[in-house]
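>
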């Protein structure tokens, strides 16, 4: 129970104080995703290094619930320094693992939007 409470506090902290928040200009890549079931929307901006593969800067903006914003904030921190091929290998379970808590089926789309 105590571990779950700790993760809940991390989620609330990332929701209230999202890391890497804002728009990046110029961005090499921008992508917007939306959760059609609730209307959450997130936009990620990436700047790639000269090798065209390594993420040297990442930001995001959007509107959404605590789970979607916290997930995006945690993911943005995780993406920094990764290569595009590493990012492509990320899956739904990786996104859920960042949160560190079990989610109800209704909340999973919020977590994996990022």
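Residue numbers (this note's numbering): 1 to 114.
Note that beta-carbon positions come from the ideal geometry of N, C-alpha and C, so glycine has one too.
From residue 21 to residue 103, what does the alpha carbon distance come to, in whole angstroms?
Their Cα atoms are separated by approximately 24 Å.
> If distances are taken between C-alpha atoms only, which option among 17, 8 and 64 comes closest to residue 77?
When each option's Cα is compared against that of residue 77, the closest is 17.
> Would DSSP call residue 63 helix, strand or coil?
In this structure, residue 63 counts as strand in the three-state DSSP scheme.
> From the DSSP output, read off the bridge partner residues of residue 51.
Paired residue(s): none; residue 51 is not in a bridge.
> Starting from the C-beta of residue 12, find all residues in its chain whose C-beta is less than 8 Å away, skip the five residues before and the five after it, and write them out in chain order.
So the qualifying residues of the chain are 66 and 70.
> Taking 8 Å as the cut-off, does the region 93 to 108 touch the region 56 to 63 (at least 3 CB pairs, one atom from each stretch)?
Verdict: no, contact absent.
> Kindly give me the distance between the Cβ atoms of residue 53 and residue 84, rounded to whole angstroms, as I take these residues to be in contact under 8 Å.
Indeed they touch by this definition, with Cβ atoms about 5 Å apart.
> Between the C-alpha atoms of residue 43 and residue 32, what's the straight-line distance to the nearest angstrom?
Cα to Cα, the separation comes out at about 4 Å.
> Which residues share a DSSP beta bridge with residue 45?
Beta-bridge pairing links residue 45 to 30 and 59.
> Whose CA, out of 82, 35, 47 and 27, lies closest to the CA of residue 114?
Of 82, 35, 47 and 27, the residue nearest in Cα terms is 35.
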